[in-house]
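Below is one structure, written out as structure tokens; comments come after it.
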Amino acid sequence: MSTQEHPLGISFEFFPPNTDAGRDKLMGVRDALAERRPRFFSVTYGAGGSTQDRTLHTVQAVRQSGITTAPHMSCIGSEKARLRDLLTRYREAGIDRLVALRGDLPSGMGGIGELRYANELVEFIRAETGDHFEIAVAAYPESHPQAPSFEKDLENFARKMKAGADFAVTQYFFSADAYFHFVERARALGVEAPIVPGIMPITNYTKLARFSDACGAEIPRWIRKQLEAYGDDSEAIADFGEEVVSRLCQRLLDGGAPGLHFYTLNQAKPTLRVLDNIGC
Ligand code: FAD
Numbered sequence: 006m007s008t009q010e011h012p013l014g015i016s017f018e019f020f021p022p023n024t025d026a027g028r029d030k031l032m033g034v035r036d037a038l039a040e041r042r043p044r045f046f047s048v049t050y051g052a053g054g055s056t057q058d059r060t061l062h063t064v065q066a067v068r069q070s071g072i073t074t075a076p077h078m079s080c081i082g083s084e085k086a087r088l089r090d091l092l093t094r095y096r097e098a099g100i101d102r103l104v105a106l107r108g109d110l111p112s113g114m115g116g117i118g119e120l121r122y123a124n125e126l127v128e129f130i131r132a133e134t135g136d137h138f139e140i141a142v143a144a145y146p147e148s149h150p151q152a153p154s155f156e157k158d159l160e161n162f163a164r165k166m167k168a169g170a171d172f173a174v175t176q177y178f179f180s181a182d183a184y185f186h187f188v189e190r191a192r193a194l195g196v197e198a199p200i201v202p203g204i205m206p207i208t209n210y211t212k213l214a215r216f217s218d219a220c221g222a223e224i225p226r227w228i229r230k231q232l233e234a235y236g237d238d239s240e241a242i243a244d245f246g247e248e249v250v251s252r253l254c255q256r257l258l259d260g261g262a263p264g265l266h267f268y269t270l271n272q273a274k275p276t277l278r279v280l281d282n283i284g285c
């Protein structure tokens, strides 16, 4: 495998598995995706720090591939001392890239913590560690579900970028126009850093619909209707999903997207099928 990264800037996101079988499977997925020479892998972080150790262990296992691997970290529900300690652990482990998030507080879980929004976390990381970490943040082309308006969310996004983020990765979406509109508006507010589209391969309609409702990503009616019609036919869903997502990726790249970040859900095949279709 060549260690030179793909010129397109693709990246792949994993979640920390909680079983030995899940861990073994992820190493196979990592190896299959590493062949595509991604810019980086990333590993999600459970709400309120609930997967702190598993995220770090997964990052350490994934980066044995030789590919830069970035832990996500969220600030909501955490005190500064805990976040400082985590940054130290990441530095000591040789990690130099992070995805910095506010996160969501699970219901019934304690206080908000000392940092309320992701822009404050980015400021905190910069104040504590200078330029050590390359920092990515989240962007929402269809608006964050709690945002009072598109404009306010955009202003909040611009503030977060100006706090010291190097690039952004978007929530997934199925409308290329939503992405292009968001990028144009962010540029008008002075955001110059890359905004990489987040891509969700379609494999399971029920889970996708549930997750999309929660995170505010819209599944267009024509896609929803068709997926509903396939019922339990997982092969038909995968074929249709592959076609829709491949076309979306091609349109994004043709329109100037600086790369693609895949929410792999710890599966290689759906992402590889899309990459094959777009020649990556
Ligand atoms: P923020 O940027 O802080 O925004 C949250 C809300 O507050 C928005 O409505 C925004 O408009 C508003 N806001 C922001 N700043 C201010 C301000 N200064 N004043 C007033 N309002 C403000 N979740 C996880 O739990 N673990 C993960 O690993 C994870 N990874 C993710 C990766 C990506 C690429 C994306 C897109 C999302 C991820 N999430 C993850 C989900 C994310 O944690 C949630 O969407 C969360 O609700 C918001 O986090 P944020 O960093 O975008 O928040």
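Counted the way the numbering used here counts, the sequence shown spans residues 6 to 285.
Think of the CB as a built atom: it goes at the ideal place given N, C-alpha and C, for glycine as much as any other residue.
| query | result |
| --- | --- |
| Burial state of A222, where buried means 16 or more other Cβ atoms lie within 10 Å | buried |
| Which residues DSSP lists as bridging Y122, in chain order | In DSSP, Y122 forms no bridge with anything. |
| Residues that L103 bridges to, as DSSP identifies them | I140 |
| Assigned exposure category for S7 - 16 Cβ within 10 Å defines buried | For S7, the pLDDT reaches just 44, beneath the cut-off of 50, and the residue's location in the model is therefore unreliable, although a value from the coordinates is still provided. With fewer than 16 Cβ atoms within 10 Å of its Cβ, S7 is classed as exposed. |
| Three-state secondary structure assigned by DSSP to Y50 | coil |
| Beta-carbon proximity list for E125, same chain, < 6 Å, skipping 5 on both sides | none |
| Member of R59, K30 and R94 whose CA lies at the smallest distance from the CA of T134 | R94 |
| Run of the alpha helix (DSSP H) containing E240, from where it starts to where it stops | S239 to D259 |
| C-alpha gap between F245 and N23, whole angstroms | 30 Å |
| Continuous alpha helix (DSSP H) stretch holding A86: start and end | K85 to E97 |
| Assigned secondary structure, D25 (DSSP; H/G/I helix, E/B strand, else coil) | helix |
| Y50 beta carbon near the ligand FAD (any heavy atom closer than 8 Å) | yes |
| The ligand HEM heavy atom lying under 8 Å from the CB of N23 | In the structure shown, the ligand HEM is absent; the only ligands present are the ligand FAD. |
| Pair within 9 Å by beta-carbon distance, Y177 and Y50 | no |
| Alpha-carbon spacing of A52 relative to D109, whole angstroms | 6 Å |
| Coil, strand or helix - V34 by DSSP | helix |
| Integer-rounded CB distance, given that A143 should sit under 8 Å from A5 | Nothing about residue 5 can be read from this structure; the chain reaches only from 6 to 285. |
| For M32 and S70, the rounded distance between their alpha carbons | 9 Å |
| Segment contact flag, the region 151 to 163 with the region 88 to 107, C-beta cutoff 8 Å, min 3 pairs | no |
| Distance between R59 and G14 (C-alpha atoms, nearest Å) | 26 Å |
| Helix, strand or coil at P275 [DSSP, three-state] | helix |
| Neighbourhood of V64 by C-beta, 7 Å cutoff - its chain only, sequence neighbours within 5 removed | V48, T74, P76 and I100 |
| Contacts around P111, its chain only, beta-carbon distance under 7 Å, and the 5 residues preceding and following it disregarded | A52 and G53 |
| Proximal residues to I200 (C-beta, below 6 Å), its chain only, five neighbours per side dropped | A144, A173 and V188 |
| C-alpha gap between C220 and F46, whole angstroms | 22 Å |
| Cα-Cα separation between G236 and R226, rounded to whole angstroms | 16 Å |
| Neighbourhood of H266 by C-beta distance below 6 Å, restricted to the same chain and skipping five residues each side | S16, V174, V201 and G203 |
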